[in-house]
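Line by line, the protein sequences are chains P and G.
Residue 468 in the numbering used here is what sits at position 468 of the first sequence, and the numbering runs on without skipping anything.
Residue 58 in the numbering used here is what sits at position 58 of the second sequence, and the numbering runs on without skipping anything.
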Amino acid sequence: MTGNTNAGAPRTLYDKIFDAHVVERSEDGTCILYIDRHLVHEVTSPQAFEGLRMAGRKVRRPDQTIAVPDHNVPTTPDRVDGIENPEGRIQVAELDKNAREFGLNYYPMNDIRQGIVHIVGPEQGWTLPGMTVVCGDSHTATHGAFGALAHGIGTSEVEHVLATQTLIQKKSKNMKVEITGKLRPGVTAKDITLSVIGATGTAGGTGYVIEYCGEAIRDLSMEGRMTVCNMAIEGGARAGLIAPDEKTFEYVKGRPHAPKGAAWEAAVAWWKTLFSDEGAHWDKVVTIRGEDIAPVVTWGTSPEDVLPITGKVPAPEDFEGGKVEAARRSLDYMGLKPGTPLNEISIDAVFIGSCTNGRIEDLRAAAGILKGHRLAPGVRGMVVPGSGLVRMQAEEEGLDKIFIDAGFEWRLAGCSMCLGMNPDQLAPGERCAATSNRNFEGRMGRGGRTHLMSPVMAAAAGIRGHLTDVRELLAETV
Amino acid sequence: MDKFTTLTGIAAPMPLVNIDTDMIIPKQFLKTIHRSGLGKNLFDEMRYDAQGHEIPDFVLNQPAWRDSQIIVAGDNFGCGSSREHAPWALLDFGIRCVISTSFADIFYNNCFKNGILPIVMPPEVVDVLMEDAKKGANARMTVDLENMTVTTSDGQSFPFELDPFRRHCLLNGLDDIGLTMEKAPAIDAYEAQMAQSRPWV
């Protein structure tokens with residue numbers, strides 16, 4: 001099914017966006033695909049710019065290239081004085097130099113608009129429906145929430161896009177993930193996306209682009225949709241997509257780089273054609289009832305290690321094949337015994353932030369649970385807004401006070417603990433309730449133990465000092 | 001980029017499933033602004049203890065596999081981050097080929113940009129190759145990209161499939177940026193048409 005698409009035949013949303021960007025298609029189906037937006041951060045780009053310089057090449061479309069440092073930046077106020085870590089400082093300085101030399105759209109570390117690249121792109125209106133968006137970062141899938149075909153690339157491909165504004169691509173297969181009906185109270189976009197990975201596995205999406213659809217997806221805000229698409233990569237998919245609708249247009253309208261006037265009208269007219277046609281071919285379909293999704297947490301070191309909070313830590317023998325050994329290794333790393341109820345696992349830290357859950361709505365949701373509560377004794381908490389503008393908005397709403405009163409640190413924007421490339425890290429053996437996207441060994445710091453969950457679940461865990469079913473706290477407040 | 005034609009070398013068995021890019025090269029080594037020099041930190045947290053001493057049990061620390069050029073791995077190798085530091089670290093260590101039942105998409109792409117051949121084989125073949133790899137330095141596996149076969153130390157040969165364009169680029173060590181730049185007129189034409197059809201881009 002990959003390759004040529006008959007004109008007039010029913011097409012998926014992915015087919016339509018892909019087709020609209022083909023510059024040239026070879027007989028074997030290899031395409032040169034045009035890239036509308038190229039996002040760049042400091043970790044995966046220095047070697048690409050170096051490659052350009054060595055070959056005497058220019059950036060073909062600096063006007064379509066957006067750069068922002070996020071992975072290395074400290075999230076403490078003293079960052080205005082510079083980055084202490086010499087390697088991190090050099091990497092951010094390199095981005096600064098490259099952005100200025102090649103004339104890119106650039107948000108430096110101390111600009112109020114700086115933040116995690118996947119939060120800044122949509123916030124500034126760079127990400128628009130129907131676009132192709134790439135970045136040297138696997139969580140580029142986030143932008144799929146707008147009905148944009150967005151995925152991560154390696155540094156060689158970053159160089160390829162800088163030089164040519166295109167990528168060499170073969171078409172992926174089409175996968176539909178439908179979440180029907182309504183979500184139950186306490187269940188969020190994060191629970192949807194983790195539950196999908198739990199059901200399909202981390203390789204379940206390999207070779208596919210996923211379109212998320214169904215009533216429960218339609219009902220999500222744009223922030224929630226970004227959370228869902230963000231973790232498409234964790235399910236192995238090249239990209240995740242959600243068809244744009246009035247909510248999307250409303251979110252985009254008026255943003256600094258969104259089209260205006262007649263261009264806006266023309267854009268919306270095209271965007272309204274971006275949906276999967278009746279009768280379009282799907283290579284794989286997964287359907288989950290929204291009512292069946294519970295608040296979930298991860299217990300292991302792969303995002304597929306997902307269970308409802310009401311469950312128990314599994315035993316290696318519960319699995320088959322290579323997963324038996326992987327589960328044994330995970331349990332050892334996580335320091336967990338099979339059969340332990342998940343809600344009895346005590347925690348040392350709470351991290352609220354990341355490109356998965358660092359947007360204003362995530363902070364509102366966590367603050368809603370935390371209001372009038374404090375972190376349990378011995379638990380440290382950190383809230384890291386996804387961008388300077390998210391931070392500002394939260395402060396206008398008084399959310400910072402709720403977090404600070406609850407005992408959290410209120411930080412500046414960046415990737416922070418999610419990948420521990422900056423000073424924010426877990427100590428060996430420290431256990432964290434995290435709203436981020438990866439629970440890999442060492443991800444948040446060597447020996448650190450990560451349990452992934454939604455912002456409300458992380459807040460609940462912080463209050464109780466152990467993994468907690470947020471519905472218990474919701475019941476108390478009713 | 002170095003050409004890849006045939007490779008005969010020691011294969012390291014790594015049956016663990018879901019070996020992610022954070023395992024292949026942990027985040028603290030992503031601060032470099034160069035492509036080279038990452039081999040010593042390949043699989044860093046599996047290979048060294050917190051004091052920096054080698055963990056003797058880890059396969060690449062054992063005498064039989066220290067000079068491996070091939071890895072035979074469990075399902076879904078290379079999942080996680082897009083960091084090209086993962087194939088850079090493999091290459092710098094001396095690994096030119098990884099064989100598994102499946103690879104994560106971005107890692108798979110990144111390999112070809114660096115002259116590394118990722119080979120997808122069915123589970124039953126990976127099982128045979130895994131057993132062969134366990135023989136260590138006394139056994140040499142041969143990967144032949146021209147004929148698209150993997151041959152075990154005892155002469156069992158298994159065919160594999162590969163996209164023709166990727167194969168062509170690997171066999172000839174081609175830089176695909178150069179190839180695409182030759183298509184500049186087509187890109188110009190696309191942009192001209194886009195200025196009409198999607199002027200807001």
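Quick reminder that beta carbons are idealized off the backbone N, C-alpha and C, glycines included.
All values derive from a computational prediction rather than experimental measurement.
By how many angstroms is the C-alpha of P/C229 removed from the C-alpha of P/N437? 11 Å
Quick check on P/R328: does DSSP put it in helix, strand or coil? helix
Got a sec, what are the start and stop residues for the alpha helix (DSSP H) P/A365 sits in? 360-370
Checking the sheet assignment: what are the DSSP bridge partners for P/Q169? P/C31
Evaluate contact between the region 377-386 of chain P and the region 403-415 of chain P, counting only Cβ atoms and requiring at least three cross-stretch pairs below 8 Å. yes
Mapping the DSSP letters down to three states, classify G/D20 as helix, strand or coil. strand
Using 8 Å as the limit for Cβ to Cβ distance, is G/Y190 near chain P? yes
Length of the line joining the Cα atoms of P/M392 and P/Y208: 38 Å
Taking only beta carbons into account, state which residues of the region 208-229 of chain P come closer than 8 Å to chain G, listed in chain order. none
Hey, would you say P/V390 sits closer than 8 Å to P/G121, going by beta carbons? no
Is the region 245-265 of chain P close to the region 282-297 of chain P, with three or more CB pairs under 8 Å? no
Please list the residues of the region 159-172 of chain G that have a C-beta atom closer than 8 Å to any C-beta atom in chain P, keeping them in chain order. D163, P164, F165
I'd like the list of long-range same chain contacts for P/P46, defined as Cβ closer than 6 Å, with 5 residues on each side in sequence excluded. E94
Can you tell me where the beta strand (DSSP E) holding G/M14 begins and where it ends? 11-14
Between G/C79 and chain P, is there a C-beta pair that is closer than 8 Å? yes
Using three-state DSSP, classify P/N110 as helix, strand or coil. coil
Taking the alpha-carbon of G/F103 as reference, which of G/I33, G/L90, G/Q193, G/G80 has the nearest alpha-carbon? G/G80
Cβ-based burial, P/R100 [other Cβ within 10 Å; buried from 16]: exposed
Cβ neighbours of P/D400 in the same chain (closer than 7 Å, five flanking residues each side left out): A394, W410
Measuring only the C-alpha atoms, how far is G/N109 from P/G154? 8 Å
Beta-carbon neighbours of G/V120, restricted to chain P and to distances below 7 Å: Within 7 Å Cβ-Cβ: nothing; G/V120 doesn't reach chain P, min ~10 Å.
Run through DSSP, which three-state label would P/S138 get? helix
Proximal chain P residues relative to G/N18, where beta-carbon distance stays under 7 Å: T202, S302, A326
Using 8 Å as the limit for Cβ to Cβ distance, is P/T5 near chain G? Per-residue confidence for P/T5 stands at a pLDDT of 47, beneath the threshold of 50, marking its modelled position as unreliable; the derived number appears in the next sentence. No, P/T5 lies away from the interface with chain G (no Cβ there is under 8 Å from its Cβ).
Are the CB atoms of P/A239 and P/A150 within a distance shorter than 8 Å? yes
Alpha-carbon spacing of P/S302 relative to P/F440, whole angstroms: 6 Å
Give me the subset of the region 426-458 of chain P whose CB atoms are less than 8 Å from a CB atom of chain G, sorted by chain position. P428, R438, F440, E441, G442, R443, R446, G447
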